[in-house]
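Protein chains: 2
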Amino acid sequence: MLSLQMQGSHVVIGGWIEDLRKLGKITFLTVRDVTGLAQIIVKDEKVIPEDLTRQSVILVRGIIQSTKARDFQYEIKADDVEILTKAVHPLPIDPIGRLESNIDNRLNARALDLRNQRVASVFKIRHQVLASLRKELEKRKFIEITTPKIIGSASEGGANLFSLEYFGKKAYLAQSPQLYKEQLTIGLERVFEISSFYRAEKSHTGRHLSEFTSVDIEAAFFDYTDVMDVLENLVVSVFSDVEKNCKQELNTLERKLQIPKQPFDTITYSDALDELGKAGINLNFGDDLLDSHLKIIGTNHPGFFFLTDWPMSLKPFYIHEKDDEAKISRSFDLQYGHLELSSGGRRLHEPAKIRARLIEQGLDPASFEDHLRTFDWGMPPHSGWGMGLDRLMTVIIGTDNVREVVLYPRDPERLTP
Amino acid sequence: MLSLQMQGSHVVIGGWIEDLRKLGKITFLTVRDVTGLAQIIVKDEKVIPEDLTRQSVILVRGIIQSTKARDFQYEIKADDVEILTKAVHPLPIDPIGRLESNIDNRLNARALDLRNQRVASVFKIRHQVLASLRKELEKRKFIEITTPKIIGSASEGGANLFSLEYFGKKAYLAQSPQLYKEQLTIGLERVFEISSFYRAEKSHTGRHLSEFTSVDIEAAFFDYTDVMDVLENLVVSVFSDVEKNCKQELNTLERKLQIPKQPFDTITYSDALDELGKAGINLNFGDDLLDSHLKIIGTNHPGFFFLTDWPMSLKPFYIHEKDDEAKISRSFDLQYGHLELSSGGRRLHEPAKIRARLIEQGLDPASFEDHLRTFDWGMPPHSGWGMGLDRLMTVIIGTDNVREVVLYPRDPERLTP
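Top to bottom, those sequences are chains C and B. The opening residue of the first sequence carries number 9 in the working numbering; numbering runs sequentially from there. The opening residue of the second sequence carries number 9 in the working numbering; numbering runs sequentially from there.
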């Protein structure tokens, strides 16, 4: 890191030309590298290579001196400017962001888009979010696992799975680590995974992608309320860490982060039906909550809140019933207003119950044999959740398009770059 | 964590029955949970449920008291033993490891295999390795990225890629993040990824899998010697952290870890040819080093060493030549004896040179257009490497089969569980 205290020192810096102005014989360059922006002043015209273009990568040799420029603490008086790579013109998008480009053009030129400091800030914040999640899970004795993404049978029903040929056999891309993370509670008790998963769904929304990053945990001897506590504390820690460690990035994004207040509100599915009833929408117990319904409930609860006690009929086969009422499940979603961020619950650990639930849901227990036999080996009671990292990022950044927080998003129309 | 200081306290513990012995009317149980092993003593026969089996999950209520048992500091005198899940008998493998099972049977029962503390220790160490890598890369200002695993064109030649149908288009599973991580040096300068990648190769060795975890870095303005420094320091930090933080796991594995001495030895490709010549094997400059050759070189250099300055003809199209001699590349492998752990180098950043190299290697520049155009946007000089995490783990654990360090390995024969 350079500073005015190094006045008189000879320095060499490499970076991208962000701006370039001539005033008479003097050329002013602003050059950006990972540490920030520096002003370069070139008094000798011969030092400036011909055809110097914005976003070209240059190496500058010069001396640090004081400056009159308001935005800089020092400037570098250059005796040599060497072009390492010349950027062509015109560029496909304006990487400084003065001219706004639509998201498709930006994604087609994503590498260049990242020279926009607003865009780079998003991914620096994402780095912090990943680091915070791991730090907090490690603190709670969760072990990081890597489950297979190429799987031999279509788990969880098999809808919306990409299939591929695997050495002459049919295989699928995993949609979640659900079955594996449950199995691993037998040996490792508390596990987590942060990884890419795949969904072959023809969705065209701001919150669905075909390839997404999921944060998953599973814990032996935890009930669903215990993993809800983990989730709530994790989300709050992520917000606090971003607020503390990403001040510059939040500044660049002109984003003021509110640390969520604890405890998060909790409403049950039945409370949600009541709220909808008051808004003139009458649903029966067992009806799913559609986007339009969640919009209304999200308006009543604009921040983070848990939506719990869903009907068993709306939940996957592995979710545990409430002991007192078999129709209600030990499950929850974490919502941010109308946006579902996470879904989780207590899991069934008795194989006979799981078999019955599979049949109830029209699934064939035979295609789950590899999974079911693990329940005979001492499966502990366990609970867990999965959270869409990309969705959490949209909440932190304040955008309604998940493509803003994924480097190279994949959707039904987008397979490149 | 329980201790003898809690003598007289009523406690509840949940865990797996590791052993079960009757001495007259008294039953001794050892019960393991994530914190370790506890001895349970049951004096009242009525308290013991019928048909209690090893590896069943139980909840024990009792009082902490002092013990005469040599291996325990305290024992729990139980007034209640509740079965949460009963394990069936016989189990497919012996999870205590007294009876050794072959690796195939163990992988078929991986969840249970992990109740063997030797196996669990491997994956607890893997957790530490991942944490160390991220900590050290973060320290060096590398930003964690997630690149797409579903890609639209067969990069790097396209051999050995799994293909899939993606909404009516042909797509592939990525073998490495190579092209994406290079592009991202434009916007983020220093990036890393730790993720699963895929190789459709019919290999049947102890060091190849179809799905593997790769550690990748790429850094703007770094030459290949700079990223070699990063790699060397990273490996040493990983060993130090494992040694410091995984004492119990290393103990369980009866593994004494040697912290590698720095600096690592460096030999050039030409040195290697000389060494082979002395062993009676005469290769010409440009010949690849086969496994049999690396065995000999690995015997001369049994620990970590760099093998540098490979012929350009043996390297992928993106590798940079040495300025002084175009036939030699700015590249390296990190070896552990005969085992290749990592491969890296300085990359070409001038698009015209890359196009020429693609044609030289019989590849079509047209199928790399999305990648090549990014080089016109101000691509910095850059270097990087990729390291097989699973291979590094085999070195740390001291095994010659990568299946020992992957939870659910995938190879041409193995797609389940």
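From the three backbone atoms N, C-alpha and C, an ideal C-beta is built for every residue, glycine too.
Buried or exposed, going by whether 16 or more other CB atoms sit within 10 Å of the CB of residue i?
| i | result |
| --- | --- |
| B:T316 | buried |
| C:P98 | exposed |
| C:H212 | exposed |
| B:P57 | exposed |
| C:T154 | buried |
| B:L398 | Reading the sequence as shown, one finds Asp at residue 398 of chain B and not Leu. By the neighbour-count rule (16 or more Cβ atoms within 10 Å), B:D398 is buried. |
| B:K335 | exposed |
| B:H18 | exposed |
| B:I151 | buried |
| B:T93 | buried |
| B:S74 | exposed |
| C:T38 | buried |
| C:G406 | exposed |
Any beta-carbon of chain C closer than 9 Å to the one on residue i?
| i | result |
| --- | --- |
| B:F131 | yes |
| B:H328 | no |
| B:Q191 | yes |
| B:T382 | yes |
| B:L426 | As displayed, chain B neither begins before 9 nor continues past 425, which places residue 426 of chain B out of reach and without an answer. |
| B:H135 | yes |
| B:P425 | yes |
| B:Q186 | no |
What residue from the options has the CA that sits closest to residue i's CA?
| i | options | result |
| --- | --- | --- |
| B:S33 | B:K51, B:Y82, B:Y206 | The sequence shown places Lys at residue 33 of chain B, not Ser. Answer by Cα proximity: B:K51. |
| B:I267 | B:V250, B:I304, B:P373, B:G370 | B:V250 |
| C:T382 | C:E190, C:D408, C:L242 | C:E190 |
| B:F314 | B:N409, B:D237, B:V65 | B:D237 |
| C:D59 | C:A77, C:I25, C:E173, C:R263 | C:I25 |
| B:M320 | B:E333, B:P310, B:D27 | B:E333 |
| C:S375 | B:L45, B:A208, B:P425 | B:P425 |
| B:P271 | B:P310, B:S64, B:V244 | B:V244 |
| B:G176 | C:A162, C:I104, C:F170, C:L145 | C:F170 |
| C:Y188 | C:K330, C:I404, C:V199 | C:V199 |
| C:E197 | C:L31, C:P185, C:E226, C:S184 | C:E226 |
| B:H346 | B:Q369, B:L380, B:R363, B:L302 | B:L302 |
| C:R126 | C:L115, C:E257, C:V414 | C:E257 |
| B:G294 | B:N241, B:H379, B:T276, B:R354 | B:T276 |
| C:P324 | C:R354, C:A128, C:L115 | C:R354 |
| B:A208 | B:F229, B:S184, B:E201 | B:S184 |
| B:L138 | B:V246, B:S339, B:A179 | B:V246 |
| B:S161 | B:I405, B:E377, B:D408, B:V42 | B:E377 |
So, does the CB of residue i fall closer than 9 Å to a CB anywhere in chain B?
| i | result |
| --- | --- |
| C:W385 | yes |
| C:H379 | yes |
| C:L325 | Rather than Leu, the amino acid found at residue 325 of chain C in this sequence is Phe. Judged by the 9 Å Cβ criterion, C:F325 is not in contact with chain B. |
| C:L196 | yes |
| C:H431 | Past the edges of chain C, shown from 9 to 425, lies residue 431 of chain C, and the structure says nothing about it. |
| C:E53 | no |
| C:A228 | yes |
| C:S245 | no |
| C:Y232 | no |
| C:V42 | yes |
| C:L242 | no |
| C:P57 | no |
Are residue i and residue j closer than 9 Å when you measure CB to CB?
| i | j | result |
| --- | --- | --- |
| B:I48 | B:V89 | yes |
| B:A95 | B:V68 | no |
| B:L371 | B:H328 | no |
| B:I133 | B:M401 | yes |
| B:L423 | C:I159 | yes |
| B:K143 | B:F205 | no |
| B:A119 | C:I194 | yes |
| C:I84 | C:V65 | no |
| C:S203 | C:D419 | no |
| C:Q343 | C:G306 | yes |
| B:D384 | B:P359 | yes |
| C:R123 | C:P103 | yes |
| C:L181 | B:L415 | no |
| B:V410 | B:G214 | yes |
| C:A128 | C:H390 | no |
Using only the heavy atoms of the ligand PLP, determine whether one of them is closer than 8 Å to the beta carbon of residue i.
| i | result |
| --- | --- |
| B:I275 | In terms of ligand content, the structure shown is empty, and the ligand PLP therefore cannot be addressed. |
(message) Quick check: the region 384-397 of chain B against the region 214-222 of chain B, are at least 3 beta-carbon pairs closer than 8 Å?
(response) yes
(request) Evaluate contact between the region 244-262 of chain B and the region 280-288 of chain B, counting only Cβ atoms and requiring at least three cross-stretch pairs below 8 Å. (result) Verdict: no, contact absent.
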